[in-house]
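In mature numbering (1 follows the signal peptide of the UniProt record, and there is no 0), the protein residues as written are -23 to -1, 1 to 420.
And the structure:
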């Protein structure tokens, strides 16, 4: 993919994210009873008090604001002292931040806010509000800036990569575009040098080494003399109205009185020269553009919602919340009741076997044997022969009685009938008389 297309892609993504985040910030974020309605008044009054005794505080706050927001966004990571980090290093240790000052003013404001509404106003918002008020006090345009930022949790000097005073215009454009700023906004932000201060050590190499015609001759000679005597001497970036936020800075550039290399290149580079000319001749255009650029700078990669934290001390991250481990509840008292007595087992006698009522055997009445039938033999035919002599009488004796059985005594058997066998009739006596049959013995 072409590098320009790739750059434009990431640039659009950055702008989109910045738009989403800025929508979560609000003008007057603290102006509710639930937050801190006096917050902006406290900041303004404290900055005014400082400005009345030190007009250089405007330049100090503008530098702090820019250096904080250009590294990890406007999260007050620049305020952390190195002694308050785990590795004993912070952004303050980076070389580019060595000349940043004004930390004690931020501490003073924070102390007042914590006394009024503790744990509410972030250090990042204090920087943004204090810079706004200092610009207005120095003659700049008063503007409203959204608030609601939260403080960051990282301060790493290795992440500090700020544009230096000797970069070229194309390099500066690329750096600012990576943060979402166009060329006009870049030239506007560099207008903050109208109240800026540098030191001889930053200009001796590329601005005072040789007279190359890029600096006004009289200014060159004056600075050469001052810096040769003391390399640490401060130098105002606007040699005309050094403590006023106005368009004089751009007028100085057109007169080749730019102190820093990058400042003077803005007037000579084709991509920025027209903007410099416009701001030099139109003070209101600069004032409005400068205010708009500062508002946009304050929206750079901000933390909102539940991200980050609200520091109690702007120089240190909040300590982790103390987790007070409450002692575990005592184990419940287990009252061992004596075991219940074993159940009394009363061995009941086995149940009696079920009574089986079998019906008694039927009483069998032994009937006596039936008497033998009486046989009446027919009388023999009458034979005229004389009867044979009668047979001897045979008397049959009765049968013996049955044995006694111990059961219900059967009825006594009927006595057997005596069967008398009548002797055959005597043979007939031959006579002349007729024969009469005789049935049984004669009476």
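Here a beta-carbon is modelled for each residue, glycine too, at the ideal position from N, C-alpha and C.
How about residue 70 and residue 54: are their beta carbons less than 7 Å apart? no
Under a Cβ-count criterion, where at least 16 other Cβ atoms within 10 Å of its own Cβ denotes burial, should residue 305 be classed as buried or exposed? exposed
Please classify residue 111 as buried or exposed, where buried requires at least 16 other C-beta atoms within 10 Å of its C-beta. buried
I need the DSSP call for residue 84, collapsed to helix, strand or coil. helix
For residue 190 and residue 256, believed in contact at Cβ under 8 Å, the rounded distance: At roughly 24 Å, the Cβ-Cβ gap does not stay under 8 Å, so residue 256 and residue 190 are not in contact.
For residue 203, which residues in the same chain have their Cβ closer than 6 Å to its Cβ, ignoring the five residues on either side in sequence? 210
Entirely within the segment 48 to 111 and at least 4 residues each: give me those alpha helix (DSSP H) ranges in chain order. 80 to 93
Ignoring anything shorter than 3 residues or poking outside the segment 149 to 217, list the beta strand (DSSP E) runs there in chain order. 174 to 176 and 211 to 213
Residue closest to residue 231, alpha-carbon to alpha-carbon, out of 237, 243, 220 and 222: 243
What number of angstroms, rounded off, separates the C-alpha of residue 160 from the C-alpha of residue 151? 9 Å
Sub-7 Å separation of residue 132 and residue 81 beta-carbons: no
Between residue 89 and residue 19, how many whole angstroms is the CB-CB distance? I'm expecting something under 8 Å. 5 Å
By the three-class DSSP mapping on this structure, what secondary structure does residue 361 have? Only weak support is given to the placement of residue 361: the predicted model assigns it a pLDDT of 49, under 50, and the question is left unresolved by the model.
Between 218, 283 and 292, which has its C-alpha nearest residue 65's C-alpha? 292
With a threshold of 7 Å on Cβ separation, who are the neighbours of residue 265 within its own chain once the five nearest residues in sequence on each side are excluded? 118
Excluding five sequence neighbours on each side, which residues of the same chain lie with their C-beta closer than 7 Å to the C-beta of residue 100? 53, 56, 83, 87, 128, 288 and 291
For residue 361, which residues from the same chain have a beta carbon less than 6 Å from its beta carbon, with the 5 sequence-adjacent residues on both sides left out? Its pLDDT being 49, under 50, residue 361 is placed unreliably by the model, and the measurement read from it follows with that caveat. Answer for residue 361: no residue qualifies.
What are the partner residues of residue 1, as DSSP defines its beta bridges? None; residue 1 has no bridge partner.
In whole angstroms, what separates the C-alpha of residue 106 from that of residue 137? 23 Å
Thinking just about the alpha-carbon of each residue, which of 219, 134 and 311 is nearest to the one in residue 73? 134
Alpha carbon to alpha carbon, how far is residue 296 from residue 63? Give it in angstroms, no decimals. 12 Å
Taking three-plus beta-carbon pairs below 8 Å as touching, is the segment 193 to 202 in contact with the segment 142 to 157? no
Excluding five sequence neighbours on each side, which residues of the same chain lie with their C-beta closer than 7 Å to the C-beta of residue 217? 225 and 229
Identity of the residues DSSP links to residue 425 by a beta bridge: No information on residue 425 is available, as it lies outside the stretch -23 to 420 that the chain covers here.
Hey, is the segment 170 to 186 in contact with the segment 276 to 288, meaning 3+ C-beta pairs nearer than 8 Å? no
Who are the Cβ neighbours of residue 25 in its own chain at under 8 Å, not counting the five residues just before and after it? 110 and 114
Are residue 174 and residue 213 close, meaning C-beta to C-beta below 7 Å? yes
Nearest to residue 42 by CA position, among 299, 309 and 270, is which residue? 270
Please specify which runs of the alpha helix (DSSP H), each continuous and at least 4 residues long, are wholly inside the segment 228 to 260, giving them in chain order. 238 to 245 and 250 to 258
Where does the unbroken alpha helix (DSSP H) through residue 38 begin, and where does it stop? 34 to 46
Suppose the cutoff is 8 Å on Cβ atoms and the five residues either side in sequence are ignored; what does the same chain contact list for residue 61 look like? 67, 292, 293 and 294
Just checking my contact of residue 102 with residue 171 at CB under 8 Å: how many whole Å lie between their CB atoms? Not a contact, Cβ separation roughly 25 Å.
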